[in-house]
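Q:
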């Protein structure tokens, strides 16, 4: 069945591409002799009034054969005005461009179908406000954003998209807070989002998250009331004096007015079980407990009165052999500063440690009453577009999702998201082609039909939305590659039409034929290289299958 899905997907994408040529050729009155999907022996032939429609056995290409004067077949006098050459250069350019354009625009529908299938969205409710960002001191946890610049906001995704498209521009927010509407002006920070292959986006951010943190606590001081009561870092508080605790904000609220009164605190403590699940992996189990907590009588906040704070900045895991482990960092340490800059959140820790170029940083953390400093250089991990810095330590500060809201209308969410995703993929592919041309990416990254087959099979197994996503990426690839100025591709035809428009006469037929021959040779070489890369990537599998056949 996998080969059938491959044939169907590729045939659909080629059909869309060739349909673009066909429709515009017909629109301009060009006589179309054949519309063919696939090469080789014909599985299907249908003869129309003047066009023959065919399906070939090999779904690896297609073509629209138009009436041309330079072909060997004679052209009837009444059809001379219907040849491809008889059309004005701008009409021929549109006919040639229509195929790649169809391949590039079709993914908008595919992506829209994927996004339309989503049915659960986070509400536009503020869960976390990060210190030092644009929303700090203006928005509060629990605020619900109703409008931005007078436009209704129904999901956090819409909020994020609107903010992201307006870096550095003051936006007017209408917020529902404490049973009343509040108008707030916020200017999103401009952030450079460096993605794979060096693609850089200027995006607006205001430093909020839709989910409020769970009541997972961190404790450093062994003399604090919380520690003396038996509470430890990464305990999950579930109740205070019988009142349920869901978010860390609930814990702050329930203990906010307590000045020295002992209260029962129920908690869950995660405990690692080494080689659990039949020695498959380590797992965590939660052990319940009850503590009698007596906060201090003085102190401005929860940490000063109890010694507890959100566990966001506490190290939950240190990778074996990482730079952090070599520097002496341990589970339970609390990150304090990087290069003498105080760190309020783990996300800021990542932001300061990971931006390229990879460089050493002086990191200070607290362990009990002791402060430890060390120089840490993030590790390098090879990936698409080159090596990227990675952290060898991670935190554990889970959030509690808010109750989801329904899907917005297609025109408010699915299609805008589809346009954004299509544009992102176009930029990514163009960056990849450019870097291959410059020699910044090796030719081994070029994939062929076997890679396409593998992608289609793998994504189909994940589900329909994944398959549609893969189809969209392949379709955009098809459109952009056909625009390359290589004779025998659509881009080569556009190049000849452009030269004709400049010099005011057609490029001589002999020149076009020779150029097309060289272009065809180049395409054969590139296809051979792509197949070679495919075989090398799958050599182990191919060798194993061959061994089974041999016996």
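In this note's numbering, the protein residues as written are 51 to 601. Don't be surprised by glycine CBs; every beta carbon is placed ideally from N, CA and C.
Could you give the DSSP three-state label for residue 138: helix, strand or coil?
A: As a working mapping, residue 138 is identified with position 88 in the chain shown. Coil at residue 138, not helix or strand.
Q: Can you tell me whether residue 252 is helix, strand or coil according to DSSP?
A: Within the chain shown, the letter at position 202 stands for residue 252. Here residue 252 sits in strand by DSSP.
Q: Tell me, please, whether the region 474 to 489 touches the region 238 to 256 by the rule of three or more beta-carbon pairs shorter than 8 Å.
A: The region 474 to 489 is in contact with the region 238 to 256.
Q: Quick check: the Cα distance between residue 275 and residue 509, rounded to an integer number of angstroms?
A: Here residue 275 refers to the residue found at position 225 when the chain shown is read from its first residue. Here residue 509 refers to the residue found at position 459 when the chain shown is read from its first residue. Straight-line Cα distance between these residues: approximately 53 Å.
Q: Could you give the DSSP three-state label for residue 441: helix, strand or coil?
A: Numbered from 1 along the chain shown, position 391 holds the residue referred to as residue 441. Of the three classes helix, strand and coil, the one that applies to residue 441 here is coil, per DSSP.
Q: When we look at the beta-carbon of residue 58 and count the other beta-carbons within 10 Å, is it buried (16 or more) or exposed?
A: Translated into the one-based positions of the chain shown, residue 58 becomes position 8. So residue 58 counts as exposed.
Q: Write down the C-beta distance between residue 236 and residue 256 rounded to the nearest angstrom, noting that I regard them as a contact closer than 8 Å.
A: By one-based count along the chain shown, residue 236 stands at place 186. By one-based count along the chain shown, residue 256 stands at place 206. With a Cβ gap of about 6 Å, residue 236 and residue 256 count as contacting.
Q: Leaving out five residues before and five after residue 519 in sequence, what residues of the same chain have Cβ atoms less than 8 Å from its Cβ?
A: Translated into the one-based positions of the chain shown, residue 519 becomes position 469. Cβ neighbours of residue 519 beyond the five flanking positions: 160, 161, 164, 509.
Q: Is the CB-CB distance between residue 66 and residue 152 below 8 Å?
A: The residue you call residue 66 lines up with position 16 of the chain shown. The residue you call residue 152 lines up with position 102 of the chain shown. Yes; because the gap between Cβ atoms is below 8 Å, this pair is in contact.
Q: Using the three-state DSSP reduction, which class does residue 396 fall into: helix, strand or coil?
A: Looking up residue 396 in the chain shown gives position 346. Looking at residue 396 - three-state DSSP - the assignment turns out to be helix.
Q: Grab me the residues of residue 521's own chain with a C-beta within less than 7 Å of its C-beta, minus the 5 sequence neighbours each way, in chain order.
A: In the chain shown, residue 521 corresponds to position 471, counting from 1. Excluding sequence neighbours, residue 521 sits near 59, 63, 160.
Q: Please state whether DSSP places residue 127 in a helix, a strand or coil.
A: One-based indexing of the chain shown puts residue 127 at position 77. Residue 127 falls in the helix class under three-state DSSP.
Q: Between residue 489 and residue 495, what straight-line distance do the alpha-carbon atoms span, to the nearest angstrom?
A: By 1-based counting over the chain shown, the position of residue 489 is 439. By 1-based counting over the chain shown, the position of residue 495 is 445. Using only the alpha carbons, I get a separation of about 11 Å.
Q: Three or more beta-carbon pairs under 8 Å between the region 333 to 351 and the region 304 to 317, yes or no?
A: yes
Q: Would you report the Cα separation of residue 606 and residue 498, rounded to the nearest angstrom?
A: Shown here, the chain extends from 51 to 601; a query on residue 606 therefore has no answer.
Q: Go through its chain and collect everything with a Cβ distance to residue 318's Cβ below 8 Å, but skip five positions before and after it.
A: Residue mapping note: residue 318 aligns to position 268 of the chain shown, counting from 1. Correct list, in chain order: 285, 286, 288, 336, 337, 338, 339.
Q: I'd like to know whether the C-beta atoms of residue 226 and residue 265 end up nearer to each other than 8 Å.
A: The residue given as residue 226 occupies position 176 in the chain shown. The residue given as residue 265 occupies position 215 in the chain shown. No, these two residues do not count as a Cβ contact at 8 Å.
Q: Between the Cα of residue 90 and the Cα atoms of 172, 83, 105, which residue gives the shortest distance?
A: If you number the chain shown from 1, residue 90 lands on position 40. With distances taken between Cα atoms, residue 90 lies closest to 105.
Q: According to the neighbour-count rule (16 or more other Cβ atoms, all chains shown, within 10 Å of its Cβ), is residue 425 buried or exposed?
A: In the chain shown, counting from the first residue as 1, residue 425 sits at position 375. Answer is exposed; the Cβ neighbour count stays below 16.
Q: For residue 283 and residue 364, which I take to be in contact (beta-carbon distance under 8 Å), what is that distance rounded to the nearest angstrom?
A: Taking the chain shown and counting its residues from 1, one reaches residue 283 at position 233. Taking the chain shown and counting its residues from 1, one reaches residue 364 at position 314. That pair is a contact at about 5 Å.
Q: With distance defined between alpha-carbon atoms, name the residue in 545, 537, 260 nearest to residue 453.
A: The residue you call residue 453 lines up with position 403 of the chain shown. Closest option to residue 453, Cα to Cα, is 260.
Q: Buried or exposed for residue 74, going by 16 or more other Cβ atoms inside 10 Å?
A: In the chain shown, counting from the first residue as 1, residue 74 sits at position 24. Buried is the call here.
Q: For residue 543, count neighbouring C-beta atoms within 10 Å of its own C-beta (all shown protein chains included) and say buried if the count is 16 or more, exposed if not.
A: Counting from 1 along the chain shown, the entry for residue 543 is found at position 493. It is buried - the Cβ of residue 543 has at least 16 other Cβ atoms within 10 Å.
Q: Quick one: is residue 146 buried, meaning 16 or more other Cβ sit within 10 Å of its Cβ, or exposed?
A: Locating residue 146 in the chain shown gives position 96, counting from the first residue. Under this definition residue 146 is a buried residue.
Q: May I ask you to report which of helix, strand or coil DSSP gives residue 118?
A: In the chain shown, counting from the first residue as 1, residue 118 sits at position 68. Correct three-state label for residue 118: coil.
Q: Apart from the five residues on each side of it in sequence, which residues of its chain come closer than 6 Å, Cβ to Cβ, to residue 179?
A: Working through the chain shown from its first residue, we reach residue 179 at position 129. So the list reads 185, 186, 189, 258, once near-sequence residues are dropped.
Q: Please indicate yes or no: does the CB of residue 157 lie closer than 7 Å to some heavy atom of the ligand GDP?
A: With respect to small molecules bound, the structure shown includes none, and the ligand GDP cannot be examined in it.
Q: Closest by CA to residue 465, which one among 392, 493, 238, 158?
A: Position 415 of the chain shown, counted from the first residue, corresponds to residue 465. If we check each option's Cα against that of residue 465, 158 comes out closest.
Q: Quick one: what's got a C-beta closer than 6 Å to residue 112's C-beta in the same chain, skipping five residues either side?
A: Taking the first residue of the chain shown as position 1, residue 112 is located at position 62. Counting only Cβ-Cβ distances below 6 Å, and skipping sequence neighbours, we find 64, 68, 86, 87.
Q: Residue 587: which of 53, 500, 324 sits nearest, CA to CA?
A: Within the chain shown, residue 587 is the residue found at index 537, counting from 1. With respect to the C-alpha of residue 587, the residue from 53, 500, 324 having the closest C-alpha is 500.
Q: I'd like the span of the alpha helix (DSSP H) that includes residue 57, first residue to last.
A: As a first step, residue 57 must be located in the chain shown, where it is residue number 7. Residues 52 to 77.
Q: Assuming residue 519 is part of the beta strand (DSSP E), what are its boundary residues?
A: The sequence position of residue 519 within the chain shown is 469, counting from 1. Where residue 519 is concerned, there is no enclosing beta strand (DSSP E), although the alpha helix (DSSP H) it sits in stretches over 514 to 532.
Q: Residues in the same chain with beta-carbon distance under 6 Å from residue 359, minus the five sequence neighbours each way, listed in chain order, please.
A: Counting from 1 along the chain shown, the entry for residue 359 is found at position 309. If we look at residue 359 and ignore the five residues flanking it on each side, its Cβ neighbours are 268, 353.
Q: Taking buried to mean at least 16 other C-beta atoms within 10 Å of its own C-beta, is residue 458 buried or exposed?
A: Here the question's residue 458 lines up with position 408 in the chain shown. Per the 10 Å Cβ criterion, buried.
Q: Count the other CB atoms within 10 Å of the CB of residue 131; is the residue buried (16 or more) or exposed (fewer)?
A: In the chain shown, the residue the question calls residue 131 occupies position 81. The residue in question, residue 131, is exposed, as its Cβ has fewer than 16 Cβ neighbours within 10 Å.
Q: Residues in its own chain within less than 8 Å of residue 175 by CB, not counting five upstream and five downstream?
A: If you number the chain shown from 1, residue 175 lands on position 125. Counting only Cβ-Cβ distances below 8 Å, and skipping sequence neighbours, we find 192, 193, 194, 195, 206, 260, 452.
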